[in-house]
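Peer 1: The structure's right below; bear with me while I get my questions together.
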Amino acid sequence: MAYRTQPDTSARSVTRDDPAGTYSIMPQVRRNEPIASFEDGDTVSGFALLARKELRQDRNARDYLDLELVDASGSIVGKVWSDSRALGGDYEAQDFVAYHGTVSTYRERPQLNVKECRRAGPEDERHGFDPARLIPTTPYDVGELYQRLERLLEENLERPELSRLAAETLAAHGAALREHPAAKSIHHAYRGGLLEHVVSMAEVALAVAGHYPQLDRDLLLVGVLFHDLGKLIELESMPAAGYTPAGRLVGHVVLGRDLLCERCRAIPDFPTELQQQLEHLVLSHQGRLEYGSPVPPMTPEAIALHFIDDLDSKLNQLERARQSGAGFQYVRGLGRYVYLQEEEEAAERGAAPDETGGEKLQVSLDL
């Protein structure tokens, strides 16, 4: 049967000759387009990173799969119902997959009804498969972020031993810091997310220390650098971003303290009292014992670090949620519904120049 296109402008314009002399209308398929661009009614095919795969049952006790498909532009929930050929497919979470399905709206959010799904491989490259396009990544330039962090620490740390500690830490762990996510799923959970989080926190910490002169700016800034550094060991690198055995058994708080002690030992005669202050910042930054901190914040700098960390992570969660749509949304990391206004034009909410001519990382506060 020969395929041809009907002379109309509708989305359902692809047709084929029918033996009975009639036309059977077929939906136009959007191929290899960003997930963030999907709209209700679209028929889509492409490649994605399968971030989540969970077997569940519907009200009639029939099996179905609950998926999350992601690419560099965003993510979408996918459902593989009991009548789909994809239900028994050979693919697992953290695989790159090829998919085909239709987009609908469920509770004011897009959802993909997955008709076909399989593991993607090198043979799919000729069809547009490119893993680099499928790994969620910070929207900011990683090189510029890293330079901003280097410059901020170099220009604002006054104690020679802390300046050396920061420089040698970046030399030892900078490459991993540029690539790692800040979390598995809650906040900054994408390539370069940990660096984005640290830079944002460092710039906020600098402003907070300027407003509250009683704070030790040096301690606060180095605390920002080290507070989540243990996640380089706790989490695997992208695209997996799963927990390592050390991450499960020890956790990033204690692992970060170990990295701090290791870097302090590399500096002869590093002041003991100063190291203890820094260790406390790392160990207490989660804020509460039930959140994973062995001790609660007990110093002004530790209290400030905790709230700066908490603020930056929560605003990132809200910003990522807003990208899925405006209105009321349930944000799991906050444990509540939030109301999000329409996203502003990119030019208005993007990075704004600072006083030195560089760019500051900005999180929209239009809530």
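Using our numbering, read the sequence shown as starting at 126 and increasing by one per residue. Glycine included, C-beta positions come from ideal geometry on N, C-alpha and C.
1. Just to confirm my understanding: we take Ala245, look at its own chain, exclude 5 residues before and 5 after, and list those with CB closer than 8 angstroms. What are they?
2. Taking buried to mean at least 16 other C-beta atoms within 10 Å of its own C-beta, is Pro393 buried or exposed?
3. Residue range of the alpha helix (DSSP H) that Leu385 falls in?
4. Starting from the Cα of Gly213, find the closest Cα among Leu180, Leu408 and Gln339 and give me that residue.
5. Rounded C-beta distance between Gly199 and Ala257? I'm assuming under 8 angstroms.
6. Taking just the CA atoms, how far does Trp206 sit from Glu470?
7. Using DSSP bridges, identify the partner residues of Asp191.
8. Counting only the same chain and skipping the five closest in sequence on each side, list residues whose C-beta sits under 6 angstroms from that of Gly146.
9. Any chance the region 257-268 sits against the region 231-241, with 3 or more Cβ pairs inside 8 angstroms?
10. Do you know offhand how far Val169's Cα is from Glu444's?
11. Relative to the alpha-carbon of Pro152, which residue among Ile428, Asp167, Glu158 and Pro159 has its alpha-carbon at the smallest distance?
12. Using only the alpha-carbon positions, how far apart do Arg243 and Glu193 sit?
13. DSSP on Tyr216, reduced to helix/strand/coil?
14. What residues are listed by DSSP as bridge partners for Glu241?
15. Let me check one thing: in DSSP terms, what residues is Pro235 bridge-paired to?
16. Assign Gly287 to buried or exposed, taking buried as 16 or more other Cβ atoms, counted over all protein chains shown, within 10 Å of its Cβ.
17. Could you give the distance in angstroms between the alpha-carbon of Gly412 and the alpha-carbon of Leu282?
18. Give the straight-line distance between the Cα atoms of Ser149 and Gly458, rounded to the nearest whole angstrom.
19. With DSSP as the reference, label Phe351 as helix, strand or coil.
20. What is the DSSP secondary structure of Val456, counted as helix, strand or coil?
21. Just how far apart, CA to CA, sit Leu360 and Gly299?
Peer 2: In this structure, then:
1. Phe172, Asp220, Phe221, Val222, Ala223 and Phe254
2. exposed
3. His377 to Arg390
4. Leu180
5. Between Ala257 and Gly199 the Cβ distance is about 16 angstroms, and since that is not below 8 angstroms, they are no contact.
6. No answer about Glu470 holds up, because its pLDDT of 39 lies below 50 and its placement is not dependable.
7. Glu179 and Lys204, per the DSSP bridge assignment.
8. Confidence at Gly146 is low in this model, with a pLDDT of 40, below 50, so the placement of that residue is unreliable and no value is reported for it.
9. no
10. 26 angstroms
11. Asp167
12. 14 angstroms
13. coil
14. His225
15. Thr230
16. As written in the sequence, residue 287 is Leu, which differs from the Gly given in the question. Buried, by the Cβ-count rule.
17. 25 angstroms
18. Here the model assigns Ser149 a pLDDT of 42, short of 50, so the residue's position is not dependable, and the following value carries that caveat. Distance between the alpha carbons of Ser149 and Gly458: 47 angstroms.
19. helix
20. strand
21. 16 angstroms
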